[in-house]
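Numbered per the UniProt record's numbering, the sequence shown spans residues 1 to 400. All C-beta atoms, glycine included, are put in the ideal place defined by N, C-alpha and C. These numbers come from a predicted model, not from an experiment.
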Amino acid sequence: MITLILLDSEHQQWQFELHARVKVGRALDNDVVLADEQVSRYHLELSPTSSDADSSPAQKGWQLQGLGTNGTLVNGKFVTQADIVDGDLIQLGLSGPVLRFELSMQELSSVSREAADCCSQALDEEQQLAVNYCAHENNEPGNRFCIHCGELLQARETVGHFQVVQILEFQEREAAFLVQDLSEKASFYVLRRFKPEIFSQAQARFEQEVLRLRAFNHPGVVKVVDFLYEGPYRYVVMEHLSGVSLKEWVRQERPTVPIAIKFLLSMGDSLEALHSHESTIIHQNLTPSNVLIRPQGQGTVLTNFGSLRAAGFGTFPAVPPTVQSDVYRLGSTLLFLLTGQEQGQYFNVRRTDQHIEWTALPQVPFSLRSVIERMTHPDLQARYRTVSESMEALQICQSE
1 MITLILLDSE HQQWQFELHA RVKVGRALDN DVVLADEQVS RYHLELSPTS
51 SDADSSPAQK GWQLQGLGTN GTLVNGKFVT QADIVDGDLI QLGLSGPVLR
101 FELSMQELSS VSREAADCCS QALDEEQQLA VNYCAHENNE PGNRFCIHCG
151 ELLQARETVG HFQVVQILEF QEREAAFLVQ DLSEKASFYV LRRFKPEIFS
201 QAQARFEQEV LRLRAFNHPG VVKVVDFLYE GPYRYVVMEH LSGVSLKEWV
251 RQERPTVPIA IKFLLSMGDS LEALHSHEST IIHQNLTPSN VLIRPQGQGT
301 VLTNFGSLRA AGFGTFPAVP PTVQSDVYRL GSTLLFLLTG QEQGQYFNVR
351 RTDQHIEWTA LPQVPFSLRS VIERMTHPDL QARYRTVSES MEALQICQSE
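(1) Give the secondary structure of TYR229 by DSSP, where H, G and I count as helix, E and B as strand, and everything else as coil.
(2) Cα separation between LEU67 and SER325?
(3) Where are the beta strand (DSSP E) runs, 3 residues long or more, that stay fully inside the segment 221-306, in chain order?
(4) Here's the rule: buried if 16 or more other CB atoms are within 10 angstroms of the residue's CB, otherwise exposed. What is SER289?
(5) Looking at the structure shown, is PHE313 part of a helix, part of a strand, or coil, going by DSSP?
(6) Report the option in THR3, THR69, VAL224, LEU246 whose CA atom is closest to the CA atom of GLU17.
(7) Among HIS240, PRO232, THR80, whose alpha-carbon lies nearest the alpha-carbon of VAL225?
(8) Rounded C-beta distance between SER390 and VAL327? I'm assuming under 8 Å.
(9) DSSP puts THR72 in a beta bridge; with which residues?
(10) What residues in its chain sit with their C-beta under 6 Å from that of GLY160, if we drop five residues either side in the sequence?
(11) So the candidates are PRO97, THR49, PRO48; which of them puts its Cα closest to the Cα of THR72?
(12) For ARG329, which residues from the same chain have a beta carbon less than 6 Å from its beta carbon, with the 5 sequence-adjacent residues on both sides left out?
(13) I believe LEU271 touches VAL387 by the beta-carbon criterion, under 8 Å. Please report the beta-carbon distance rounded to the nearest angstrom.
(14) Have a look at the DSSP bridge pairing and note the partners of VAL22.
(15) Thinking C-beta only, is GLN284 closer than 7 Å to PRO321?
(16) Among ALA310, VAL257, ALA176, whose alpha-carbon lies nearest the alpha-carbon of PRO362?
(17) From GLY220 to LEU274, what does the alpha carbon distance come to, in whole angstroms?
(18) Look up ARG193 in the DSSP assignment and give the residues it is bridged to.
(19) Can you tell me whether DSSP reads ARG100 as helix, strand or coil?
(20) Measuring only the C-alpha atoms, how far is GLY299 from LYS247?
(21) In this structure, what does DSSP give as the bridge partners for TRP358?
(22) Note down, in chain order, each residue of its chain lying with its Cβ closer than 8 Å to the Cβ of VAL79, except the 5 sequence neighbours on either side.
(23) Helix or strand or just coil, what does DSSP make of GLY66?
(24) Report the rounded CA-to-CA distance for VAL33 versus LEU44, giving the unit in angstroms.
(25) Near SER279, what residues of its chain come up, given a Cβ to Cβ distance below 7 Å and the 5 sequence neighbours on each side ignored?
(26) Applying the 10 Å Cβ sphere with the 16-neighbour rule, what's the burial state of ALA35?
(27) Under a three-way DSSP split, which group does ASP29 fall into?
(28) Thinking C-alpha only, which one of PHE216, GLN208, ILE293, VAL22 is nearest VAL250?
(29) So, for TYR233: in the same chain, excluding its five sequence neighbours on each side, which residues have a beta-carbon less than 7 Å away from its beta-carbon?
(30) Would you report the Cα separation of ASN75 and GLY243, rounded to the nearest angstrom?
(31) Can the beta-carbon of GLY25 be found less than 7 Å from the beta-carbon of SER47?
(32) Terminal residues of the continuous beta strand (DSSP E) containing VAL323?
(33) May I have the straight-line CA-CA distance separating MET238 from VAL222, to the nearest angstrom?
(34) CA-CA distance, HIS277 and GLN208?
(35) If you draw a straight line from the C-alpha of GLU107 to the C-alpha of GLN13, how long is it?
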């Protein structure tokens, strides 16, 4: 058994049999999927150099073959092809994620196992006591984490007890950061920052909205953890998830109709759970950029609530959003899944008889057109009243 451990996240692990060939990259058909801009779609392949499946780890060598254009480092050195051994550190891109390569301890000699256990215990104790940032040498410029131990290389901005690791997006009034909880060394979160025009404006409502979302739990909805204040900013702490946005995934993969329906039903299930909550939670910001596709295409996760953004800025719509507004956005997301194009190119809101120009979208099956028409209809009386109604219609299309 070999194990790949991701060092710059929540120590996610993948295990494979000793005779397996392992592909690593950003595309979802890889064995190890890493959603990072430094990672090529097909970045590298690991393969055993011995063809004998019964060979012991001591006899079986492993080789890394670089496939992508972003470069691969093994123990800090750029390689296109290299032999690797237990404990080697593989970095994808100059400042990308780091994987530690490990052979199964059960198949090592007893002496090696005892030594490895001793080293592992010492490393655990060192990590528990460490309060300073790593000072190992031979790290490439721009690396966020040490290629030797996986610790942060340099201190960056701190917010409360969170250390900023990476800027995910940045605007003057809104930003998002990948952060590490300094009180829990292995815990990473996403920290969203808002700058209201007037700090005191709607502060109580901001806290109420965070607490309302924090009490909600569903595997298809990003978990809101906490809120905090610092300076002129409001912050929301959310769980950090692996995966790629629906927008990026569609541009890479161009899903088939059955896959598009499958993903939309997954999103619909999450929205139904939100709408069924005792206080009826409306997402308000459902777009392809705010839906996360889990690794290997295992379901979807809704992120970046519009209600949180409004509360963060202290601004709220004059007319409260409704369930049907989420139905509309769900329908336009289905159209994006099928075409890869934003809805504005095909919508004609002035027409109520047929507000989508289907002549430009021959790839959309006729059975789905009427469903999308009703989901995105400008007239609320003609639109599906609930997500459940639209999902029932999609399931009928799925069975045809």
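The short version:
(1) The three-state reading of DSSP puts TYR229 in strand, counting E and B together.
(2) Rounded to whole angstroms, LEU67 to SER325 spans 44 Å at the Cα level.
(3) The qualifying runs are 224-230, 233-239, 291-293, 300-302.
(4) Here SER289 is exposed: its Cβ has fewer than 16 other Cβ atoms, across all protein chains shown, within 10 Å.
(5) In the structure shown, PHE313 sits in a helix (DSSP, three-state: H, G or I).
(6) Residue nearest to GLU17 within the set THR3, THR69, VAL224, LEU246 is THR3 (criterion: CA-CA distance).
(7) With distances taken between Cα atoms, VAL225 lies closest to HIS240.
(8) Correct: roughly 6 Å between the Cβ atoms.
(9) Residue pairing of THR72 in beta bridges, as defined by DSSP: VAL79, LEU92.
(10) Residues of the same chain with a CB within less than 6 Å of the CB of GLY160, apart from the 5 flanking positions on each side, are LEU228 in chain order.
(11) THR72 has its Cα closest to that of PRO97, out of PRO97, THR49, PRO48.
(12) Leaving aside the five residues that flank ARG329 on each side, the residues in its chain whose CB is nearer than 6 Å to its CB run, in chain order, LEU286.
(13) The pair is a contact, with the Cβ atoms about 5 Å apart (cut-off 8 Å).
(14) DSSP output for VAL22 lists LEU46 as bridge partner(s).
(15) In this structure, GLN284 lies closer than 7 Å to PRO321 by Cβ.
(16) The residue with the shortest Cα to Cα distance from PRO362 is VAL257.
(17) Spanning the alpha carbons of GLY220 and LEU274 requires a straight line of approximately 10 Å.
(18) Residue pairing by DSSP puts ARG193 in a beta bridge opposite ALA175, TYR235.
(19) Look at ARG100 here: in three-state DSSP terms it is strand.
(20) For GLY299 and LYS247, the distance between alpha carbons rounds to 15 Å.
(21) Under DSSP, TRP358 forms no beta bridge with any residue.
(22) The residues are LEU64, GLY66, THR72, LEU73.
(23) Looking at GLY66 - three-state DSSP - the assignment turns out to be strand.
(24) VAL33 and LEU44 have their C-alpha atoms roughly 11 Å apart.
(25) Leaving aside the five residues that flank SER279 on each side, the residues in its chain whose CB is nearer than 7 Å to its CB run, in chain order, ARG212.
(26) ALA35 should be labelled buried.
(27) When secondary structure is reduced to three states using DSSP, ASP29 falls in the coil class, being assigned neither helix nor strand.
(28) Just measuring C-alpha positions, the residue of PHE216, GLN208, ILE293, VAL22 sitting nearest VAL250 is ILE293.
(29) Cβ neighbours of TYR233 beyond the five flanking positions: ARG193, PHE194, LYS195.
(30) Cα to Cα, the separation comes out at about 26 Å.
(31) The answer is no: Cβ separation not under 7 Å.
(32) Not the beta strand (DSSP E): VAL323 falls in the alpha helix (DSSP H), residues 323-339.
(33) The straight-line gap from Cα to Cα measures roughly 7 Å.
(34) If you draw a straight line from the Cα of HIS277 to the Cα of GLN208, it comes to about 15 Å.
(35) Since pLDDT at GLU107 reaches only 42, below the 50 mark, its modelled position is unreliable, and the value read off the structure follows with that caveat. CA-to-CA, the gap between GLU107 and GLN13 works out to about 19 Å.
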